[in-house]
Structure formats: structure tokens, C-alpha cells
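Chemist: From first to last, the protein sequence lines stand for chains A and B.
Its first residue numbered 1419, the first sequence is counted upward by one per residue in our numbering.
Its first residue numbered 47, the second sequence is counted upward by one per residue in our numbering.
Structure provided below as C-alpha cells; questions to follow.
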Amino acid sequence: EAGVTQFPSHSVIEKGQTVTLRCDPISGHDNLYWYRRVMGKEIKFLLHFVKESKQDESGMPNNRFLAERTGGTYSTLKVQPAELEDSGVYFCASSPQQGVTGNTIYFGEGSWLTVV
Amino acid sequence: AQSVTQLGSHVSVSEGALVLLRCNYSSSVPPYLFWYVQYPNQGLQLLLKYTTGATLVKGINGFEAEFKKSETSFHLTKPSAHMSDAAEYFCAVSPSGTYKYIFGTGTRLKVLA
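Below is the structure:
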């Protein structure tokens, strides 16, 4: 069974440009999450989808970040315009319905973003 | 507010020596506790978790952790380090089992030959 897959694995863009990160969750997982790790800091929650609906976006840093999950399958996270402080690793994760596996969420390999 | 503290951003041990990675948390509600590992160029992989029941939890690759409520700790141990254990380890807490994990800053483990 395929795990959570993320694309691109690495991206280098200039300040002011736009980047779109994609995440494909594990097949059948209704819950999809985005987390971020800024260099040297802890991994922080960004938002949570249940199917195509945003359940909680309290961790989104500002309105330069836009997450979508059309059709309840894959998700995209767009950063526009990118700033230097957006550099870091963006992790996507997924989980089945609540309670099925005791709240374990499964992470992807992350998308490394460098803004120069 | 909940938080997780991992003592030591870098830990070095000799091959065959005990591995001890420390994690303390603060939570106003019963937490679920996790250890994740990130090997070079790979994603976050679940090592073990504590939800309820037995406080000593065994995970993959010979790791285990003990939940000590009185000390608000969930330290990760392995009796004998192997070169393949070199990775970054993250402790996380999920207050009342919610999806909003709170992570520590990570501990990078180096295993010396």
C-alpha cells in the first residue's frame, strides 16, 4: 500500500514567487493534515481537512498560504508570494476516520522549500 | 498551553551503548504520546505511541518508552545502539487524542563506531 506522497521533494524559489506543494494521502484516508518545520524549530500544525472540508486552519500563518482539497482526494498548499521566512519542510499527513487506528497519523517525506 | 521539551538537540552514543532520548511534556488533559523518527531523506515514521493502559510501550527496531505521569515524561530508550539508528527523533503529544500534534524540536542521534 502506498504511503503519503508529496511533490516536489525539493523546491528553490525566489522571494515573491509562487510555489504549489501537492500531497496525495493514503488511499481511503478522509483526514489530511499539513504541518511545517521551519529550520531548527519544532514541527507545527497548519491545517486539517476532513474529505474536502477544512476542519481546522488555525495554524495557517497568514493569508499568503492557501490550501485546497478538491474532491476530497489530493491536496495542494500554495504559497503566494513566498517570503524568506517560509523556508522549511512542509509535511503532509493522513489518517482514516477518527478512532479507527487510535489517532495515529501517517506522514509523508516532506517537501523542502527554500526561498532565496 | 501544551508543550513538549526534548533535552539535547544532538546526542552522540557509541555503537552498542544505551540510547536515552529525553522528552517532557505539559498537558492539561490526558495526552496521547508519540515518538517519530526521520531517517535521512525519508519521512516521519512512527516508532511507538502511548494512548492508555500499560505505561511501558515497545516500538519498532528495539525502541521502547515509558510514560511517567508524575514526572510528565516519555523518554525513549534502546539498550544497544546500532549505526542504523542515526536519525532525528521527535517526541509529540496529542492532547486527548486530537489530531493537532504538538512536537518537540527534535533530537539528532549520532552513533559512533
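Glycine included, every Cβ here is placed at the ideal spot set by N, Cα and C.
1) Any beta carbon of chain B sitting closer than 9 Å to that of Thr-1532 of chain A?
2) Below 8 Å CB to CB, which residues in the same chain sit around Val-59 of chain B once its five sequence neighbours on both sides are set aside?
3) Which residues in the same chain as Gly-1446 of chain A place their Cβ atom closer than 8 Å to its Cβ, once the five residues preceding and following it in sequence are excluded?
4) Pull up the DSSP beta-bridge partners for Asp-1442 of chain A, would you.
5) Is Phe-149 of chain B close to chain A, meaning its C-beta is less than 9 Å from at least one C-beta of that chain?
6) Jot down the residue ranges of each uninterrupted beta strand (DSSP E) in the segment 1457-1490 of chain A, minimum 3 residues, whole runs only, in chain order.
7) Run through DSSP, which three-state label would Glu-1432 of chain A get?
8) Relative to the alpha-carbon of Ser-52 of chain B, which residue among B:Arg-68, B:Asn-87, B:Ala-111 has its alpha-carbon at the smallest distance?
9) Find the residues of chain A that neighbour Phe-136 of chain B, judging by a C-beta separation of less than 7 Å, and give them in chain order.
10) Out of curiosity, what's the CA-to-CA distance linking Val-103 of chain B and Glu-134 of chain B?
11) Please classify Ile-1461 of chain A as buried or exposed, where buried requires at least 16 other C-beta atoms within 10 Å of its C-beta.
12) From Tyr-1492 of chain A to Lys-114 of chain B, what does the alpha carbon distance come to, in whole angstroms?
13) Measure the beta-carbon distance from Val-1456 of chain A to Leu-1502 of chain A and round it to whole angstroms, keeping in mind my assumption that it falls under 8 Å.
14) Anything in chain B within Cβ reach of Ile-1523 of chain A, meaning under 8 Å, just list it in chain order.
15) When you compare only the Cα positions, how much space is there between Glu-61 of chain B and Glu-112 of chain B?
16) Please state whether DSSP places Ile-148 of chain B in a helix, a strand or coil.
17) Counting only beta-carbon atoms, is Ser-1513 of chain A nearer than 9 Å to chain B?
18) Can you give me the C-alpha to C-alpha distance between Met-1478 of chain A and Leu-1465 of chain A, rounded to a whole angstrom?
19) Which residues, in chain order, does the segment 1451-1475 of chain A contribute to contact with chain B at a C-beta distance below 9 Å?
Modeler: The answer reads as follows:
1) Locating residue 1532 of chain A in the first sequence gives position 114, counting from the first residue. Taking 9 Å as the threshold, the shortest C-beta distance from Thr-1532 of chain A to chain B does not fall below it.
2) Start at 1 with the first residue of the second sequence, and residue 59 of chain B comes out as number 13. Val-65, Ala-127, Leu-155, Lys-156, Val-157, Leu-158.
3) For the purposes of this step, residue 1446 of chain A is taken as the residue at position 28 of the first sequence. Cβ neighbours of Gly-1446 of chain A beyond the five flanking positions: Pro-1514.
4) Position 24 of the first sequence, counting from 1, holds the residue named residue 1442 of chain A. According to DSSP, which records beta bridges pairwise, Asp-1442 of chain A is partnered with A:Thr-1423.
5) For the purposes of this step, residue 149 of chain B is identified with residue 103 of the second sequence, where counting begins at 1. It does; some Cβ of chain A falls within 9 Å.
6) Secondary structure remark: continuous beta strand (DSSP E) runs of at least 3 residues inside the segment 1457-1490 of chain A, in chain order: 1461-1468, 1471-1474, 1483-1486.
7) Position 14 of the first sequence, counted from the start, is the residue given in the question as residue 1432 of chain A. In the structure shown, Glu-1432 of chain A sits in coil (DSSP, three-state: anything other than H, G, I, E or B).
8) Translated into positions along the second sequence, residue 52 of chain B becomes position 6. Before going further, note that residue 52 of chain B is Gln rather than Ser in the sequence given. Closest option to Gln-52 of chain B, Cα to Cα, is B:Arg-68.
9) For the purposes of this step, residue 136 of chain B is taken as the residue at position 90 of the second sequence. Per Cβ cutoff of 7 Å: Ile-1461.
10) Numbered from 1 along the second sequence, position 57 holds the residue referred to as residue 103 of chain B. Numbered from 1 along the second sequence, position 88 holds the residue referred to as residue 134 of chain B. If I take the Cα positions, the gap works out to 20 Å.
11) Stepping through the first sequence from its first residue, residue 1461 of chain A is reached at position 43. Buried, by the Cβ-count rule.
12) Walking along the first sequence from the start, residue 1492 of chain A turns up at place 74. Walking along the second sequence from the start, residue 114 of chain B turns up at place 68. Looking at the backbone, the Cα of Tyr-1492 of chain A and that of Lys-114 of chain B are separated by about 39 Å.
13) Within the first sequence, residue 1456 of chain A is the residue found at index 38, counting from 1. Within the first sequence, residue 1502 of chain A is the residue found at index 84, counting from 1. Not really, about 11 Å apart at Cβ, beyond 8 Å.
14) For the purposes of this step, residue 1523 of chain A is taken as the residue at position 105 of the first sequence. Residues of chain B passing the Cβ test: Tyr-145, Tyr-147.
15) What you label residue 61 of chain B is simply residue 15 of the second sequence in a count that begins at 1. What you label residue 112 of chain B is simply residue 66 of the second sequence in a count that begins at 1. Answer to the nearest angstrom: the Cα atoms are 23 Å apart.
16) Position 102 of the second sequence, counted from the start, is the residue given in the question as residue 148 of chain B. Note: Ile-148 of chain B maps to strand in three-state DSSP.
17) Within the first sequence, residue 1513 of chain A is the residue found at index 95, counting from 1. Yes, Ser-1513 of chain A counts as interfacial toward chain B.
18) Taking the first residue of the first sequence as 1, we reach residue 1478 of chain A at position 60. Taking the first residue of the first sequence as 1, we reach residue 1465 of chain A at position 47. Spanning the two alpha carbons is a distance of roughly 6 Å.
19) Residues of the segment 1451-1475 of chain A that bring their beta carbon within less than 9 Å of a beta carbon in chain B comprise Tyr-1451, Tyr-1453, Arg-1455, Gly-1458, Lys-1459, Glu-1460, Ile-1461, Lys-1462, Phe-1463, His-1466, Gln-1473, Asp-1474, in sequence order.
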